[in-house]
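Here this note's numbering is used: the first residue of the sequence shown is 8, the next is one more, and so on.
Here is the structure we will look at, set down as structure tokens.
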Amino acid sequence: MSSKNLSRQQGMSLTSMLVVAFIFGSLLMFLSQTVPAFIDDRFVKSTLVSLTNGSMSVVGKSPRTVRDNLSKQFSLNNVRGAASDPKNWTIERIDDHFIVIIDYEVRNNLISNIDVVMHFRHRLDTRNPEICCTDRAKP
């Protein structure tokens with residue numbers, strides 16, 4: 008190769024490679040702290056929807072049955088932490104239907120004193136299960 012061709016070659020400098028590696032590493036660390044919470048949240052939504060149909064239906068049953076069904080499904084789907092804590096559940100019986108609210112917060116440490124905080128709120132009205140788990144479901 009002639010020296011003319013070598014002078015035209017360009018690439019990333021060491022500094023550029025370190026910046027790209029830092030950005031990629033930061034993104035990977037952020038995703039590793041947030042994605043599991045969103046996966047658990049998907050299981051929470053599907054569990055709430057399952058309370059209105061099939062063998063898990065709670066229509067006409069007691070609040071204790073609702074609480075037991077939630078606990079069993081969260082255990083089965085390996086949902087841990089704040090979502091599976093009954094302190095974050097509100098189960099209200101009105102006539103023959105239920106309003107179930109699961110309101111919880113997930114806090115994960117990112118770096119030193121920097122935390123990632125995610126807040127989830129799901130509301131199920133067994134009379135209108137099609138609008139479960141959306142902000143439209145608020146009273």
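Backbone N, C-alpha and C fix where the C-beta goes; we use that ideal spot for every residue, glycine too.
Values in this document were obtained by computation on a predicted structure and should not be read as measured data.
Measuring CA to CA, which of the options is closest to residue i?
i           : options               : result
residue 44  : 136, 134, 132 and 124 : 124
residue 111 : 120, 95 and 119       : 95
residue 127 : 41, 21 and 102        : 41
Skipping 5 residues on each side, what residues in its chain have a beta carbon closer than 8 Å to that of residue i?
i          : result
residue 27 : 19
residue 52 : 129, 139 and 140
Would you tell me roughly how many angstroms separate the C-alpha atoms of residue i and residue j, rounded to the nearest one?
i           : j           : result
residue 25  : residue 86  : 37 Å
residue 66  : residue 46  : 27 Å
residue 114 : residue 54  : 22 Å
residue 97  : residue 37  : 31 Å
residue 29  : residue 116 : 18 Å
Note the first and the last residue of the continuous beta strand (DSSP E) segment covering residue i.
i           : result
residue 122 : 121-132
residue 109 : 104-118
residue 87  : From DSSP, residue 87 is part of no beta strand (DSSP E); its letter is neither H nor E.
Kindly indicate the opening and closing residues of the alpha helix (DSSP H) around residue i.
i          : result
residue 22 : 21-57
residue 76 : 70-83
Enumerate in chain order the residues of its own chain whose CB-to-CB distance from residue i is below 6 Å, with the five nearest sequence positions on each side excluded.
i          : result
residue 48 : 127
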